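Residue numbers (the UniProt record's numbering): 1 to 145.
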């Protein structure tokens, strides 16, 4: 991010209107650019002086700005952690469903195999069970053909 863009984002930053990506780029730039940090400090002091927030008698605007910047960094860290946890949970859920589905298919194929073995050994097959499996899983018919 260049200084012109960073300085345009000072007011939206102070108003809390930056997206996560803009906020991250803005904080990185302000942290590494003394001129933009000074400009931010000036705007912050004006906002604090004219704002109707709280008049606690503390006019150490530099410390207050540092606290705001630190809270912004902590917010971004929490957002990164949340996104990472969300991705991990989605992957775990997908793996769980894949494992559950493959277990169902395996059981169905085992039932078909046992029915086929009964037919091969000329035992009386469970034709009702075979029809039930056959009608329930068209994919098995394709594999059997």
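Don't be surprised by glycine CBs; every beta carbon is placed ideally from N, CA and C.
All figures in this text were calculated on a predicted structure; none of them were measured in a lab.
Going by beta carbons, residue 14 and residue 22 fall outside the 8 Å limit. Taking C-beta atoms as the reference points, residue 48 and residue 64 count as a pair closer than 8 Å. Counting other Cβ atoms within 10 Å of its Cβ, residue 27 reaches 16 or more and is therefore classed as buried. With 16 or more other Cβ atoms inside 10 Å of its own Cβ, residue 112 counts as buried. When DSSP states are grouped into helix, strand and coil, residue 15 belongs to the coil group. Counting along the chain, residue 40 sits inside the alpha helix (DSSP H) bounded by residues 34-50. Assigned with DSSP and collapsed to three states, residue 1 falls in coil, not helix or strand.
Between the C-alpha atoms of residue 1 and residue 35 there is a straight-line separation of about 14 Å.
Between residue 24 and residue 69, the gap from beta carbon to beta carbon reaches 8 Å or more. Measuring C-alpha to C-alpha distances from residue 43 to each of 96, 90, 7 identifies 7 as the nearest.
The beta-carbon distance between residue 61 and residue 45, rounded to whole angstroms, is 4 Å. This is short enough to meet the 8 Å contact definition.
Of all alpha-carbon atoms in 109, 40, 20, 16, the one lying nearest the alpha-carbon of residue 4 is that of 40.
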